[in-house]
Amino acid sequence: MDDKKNMRPESLMMSYGYDPHRSEGAVKCPIFQTSTFAFKTAEDGKAFFEVAYGIREKLPNEELGLIYSRLNNPDLEILENRLTLWDKAEDCAVFESGMSAISTVFLEFLKPGDLLLFSSPLYGGTDHFIHHFLTKFGVNILGFRPGQTEEELKVLIEGSGLADKLAMIYIETPANPTNALIDISCCKGIANSFSTEEKQVIVAVDNTFMGPLWQHPLQLGADLVLYSATKYIGGHSDVIAGACLGSKVLMTRIKTLRTFLGNMAGPWTGWLLMRSLETLKPRMELQAKNAAKVAHFLKDHPKVEKVYYLGFITEDDPMAYDIYKRQYDCDGAMISFDIKGKEHEAFTFLNNLKLMKLAVSLGGTESLAEHPATMTHVDVSQEDKLSMSITEKLVRISVGIENHEDLIWDIGQALDAVEI
Ligand SMILES: Cc1ncc(COP(=O)(O)O)c(C=O)c1O
914 MDDKKNMRPE SLMMSYGYDP HRSEGAVKCP IFQTSTFAFK TAEDGKAFFE
964 VAYGIREKLP NEELGLIYSR LNNPDLEILE NRLTLWDKAE DCAVFESGMS
1014 AISTVFLEFL KPGDLLLFSS PLYGGTDHFI HHFLTKFGVN ILGFRPGQTE
1064 EELKVLIEGS GLADKLAMIY IETPANPTNA LIDISCCKGI ANSFSTEEKQ
1114 VIVAVDNTFM GPLWQHPLQL GADLVLYSAT KYIGGHSDVI AGACLGSKVL
1164 MTRIKTLRTF LGNMAGPWTG WLLMRSLETL KPRMELQAKN AAKVAHFLKD
1214 HPKVEKVYYL GFITEDDPMA YDIYKRQYDC DGAMISFDIK GKEHEAFTFL
1264 NNLKLMKLAV SLGGTESLAE HPATMTHVDV SQEDKLSMSI TEKLVRISVG
1314 IENHEDLIWD IGQALDAVEI
């Protein structure tokens, strides 16, 4: 396999980490639907457990076998190895949902009394976990907004009186649902300046909106990158999963907690995601191409007030433009827009779509549209919603792989039904 290491990830998604000759010559990795694995000898079982539980390090040429599907399973391990290629990560852990990946990271790196700095807006589920669960366990939380400078953030942290307790900076960029941008390397600089010999402040980035293709947070200084694999990685709106990637040292901690929480992905989920990864690049590229056409159509439409799309960030907003140029390989396939009007006009648009589905989630082959203020972000406080542009008139679209002319026709006819 080593000779393939330099190939591009898309060339390796069909084969990396799988040897057909260990599975009756099957070209595709089978679904290893088993809870447990037979040891050849008791000595083998002892050796596998010693390494799995950290009692000793793996010996240089030692071949370890599988133990039990809560710890390891071929579908999970091969999938994780393939995912590392996109982000050039040392290791990866896959979970049964994006939320289980995110909550496991919080639980591993935060303890009562610690301070968590987080960007807003965040996905509604993450926002809920931070505000309603972490605070219950005595974690101090401090939010910040896109547009705040490094100096302002340092003042914010110092002003909290808990600077010595800062343990993690958690960000989502582009943010769900407004595509607002946060500077990853700036966050790493802040994390470094509050780290000590005893304590490393972790920077974790939810990269769901860009999938593993269009933004590489680990290369920009992040310690951990997180995905709702339900979205672009799964890509067909038929599986719920999550992933976390980073250095071996950090991932060992995350995988150990995963073993005891038992929230790893099962073999069927692993197999589905491996199938999805084979088409990740062409799917996402087509989605981005379609999104650019849809975004331009919306921008010029008389019933649309404002479009939130990466491709429309200009030098008029120097801070966002600078982040946009440094962090992104593509404008993505997520678009939000303010319709002229309020909830009634937004709902009329959504209720009149014929091809696009009115549904939450994103990143799938089919286009989806939703109303963040009353759906995905309903739980965010009214004050925060208003300050983050999550208003009654905001509609979010995830662009799929349909023919772009059909998508534009559908959006056009749904806008025609709106009276302003
Ligand atoms: C940006 C983002 N992060 C995390 C999640 C949570 O992922 P999951 O639904 O797979 O648990 C979502 C779900 O919509 C999301 O949009």
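My numbering puts the sequence shown at residues 914 to 1333. Ideal Cβ positions, reconstructed from N, Cα and C, are used throughout, including at glycine.
Based on the DSSP secondary-structure assignment, which residues constitute the bridge partners of residue i?
i, result
"residue 919", "Partner(s): none; residue 919 has no beta bridge."
"residue 1217", "1252"
"residue 1271", "1282"
"residue 1309", "1249 and 1283"
"residue 1138", "1118 and 1158"
"residue 1079", "1028"
"residue 1084", "1118"
Below 8 Å on the Cβ atoms is my contact criterion, and I expect residue i with residue j to pass it. Report the Cβ-Cβ distance as a whole number of Å.
i, j, result
"residue 1116", "residue 1093", "No, residue 1116 and residue 1093 are not in contact; Cβ-Cβ is about 17 Å, not under 8 Å."
"residue 1125", "residue 1000", "6 Å"
"residue 1230", "residue 1127", "Contact doesn't hold; Cβ gap of about 20 Å is too wide."
"residue 1206", "residue 1321", "7 Å"
"residue 1097", "residue 1133", "4 Å"
"residue 980", "residue 962", "7 Å"
Using the beta-carbon count (16 or more within 10 Å), is residue i buried or exposed?
i, result
"residue 1181", "exposed"
"residue 914", "The pLDDT assigned to residue 914 is 49, lower than 50, so where the model puts this residue is not dependable; a value taken from the coordinates is nonetheless given after this. Exposed, since its Cβ has fewer than 16 Cβ neighbours within 10 Å."
"residue 1177", "buried"
"residue 1032", "buried"
"residue 1008", "buried"
"residue 966", "exposed"
"residue 1183", "buried"
"residue 1245", "buried"
"residue 1326", "exposed"
"residue 921", "exposed"
"residue 1200", "buried"
"residue 968", "exposed"
"residue 1195", "exposed"
"residue 1138", "buried"
"residue 1284", "buried"
"residue 1313", "buried"
"residue 919", "exposed"
"residue 1089", "buried"
"residue 970", "exposed"
"residue 1168", "buried"
"residue 1294", "exposed"
"residue 940", "exposed"
"residue 1119", "buried"
"residue 1129", "buried"
When the Cα of residue i is compared with those of the options, which residue comes out closest?
i, options, result
"residue 1253", "979, 1332 and 1027", "1332"
"residue 1047", "1168, 1128, 1015 and 1004", "1015"
"residue 1061", "942, 1308 and 1099", "1099"
"residue 1144", "993, 1248 and 1152", "1152"
"residue 1171", "1037, 935, 1010 and 1058", "1010"
"residue 983", "1017, 947 and 1118", "947"
"residue 1063", "994, 1095 and 1074", "1095"
"residue 1049", "1027, 1156, 1164 and 988", "1027"
"residue 1078", "1085, 1106, 927 and 1058", "1106"
"residue 1020", "1075, 937 and 1174", "1174"
"residue 1068", "1276, 1103 and 957", "1103"
"residue 1025", "1052, 955 and 1228", "1052"
"residue 1071", "1234, 937, 1310 and 1029", "1029"
"residue 1111", "1119, 1164 and 1080", "1080"
"residue 956", "970, 937, 978 and 949", "978"
"residue 1335", "986, 1308, 1039 and 1147", "Nothing about residue 1335 can be read from this structure; the chain reaches only from 914 to 1333."
"residue 991", "1277, 1187, 1315 and 1204", "1187"
"residue 1159", "960, 924, 994 and 942", "994"
Ligand 2 and residue i: does the residue's C-beta get closer than 6 Å to at least one heavy atom of that ligand?
i, result
"residue 1012", "Ligand 2 is absent from the structure shown, which contains only ligand 1."
Report task. May I have a chain-ordered list of the alpha helix (DSSP H) segments no shorter than 4 residues that lie completely inside the region 1021–1063? Result -> 1037–1041
Query raised in the report: In the region 1093–1132, which residue ranges form an unbroken beta strand (DSSP E) of at least 3 residues, counting only runs that do not cross its ends?
Result: 1115–1119
Report task. Jot down the residue ranges of each uninterrupted beta strand (DSSP E) in the region 932–1020, minimum 3 residues, whole runs only, in chain order. Result -> 1004–1008
**Report entry** Secondary structure, beta strand (DSSP E): runs of 3+ residues fully inside the region 1140–1205
**Finding:** 1155–1159
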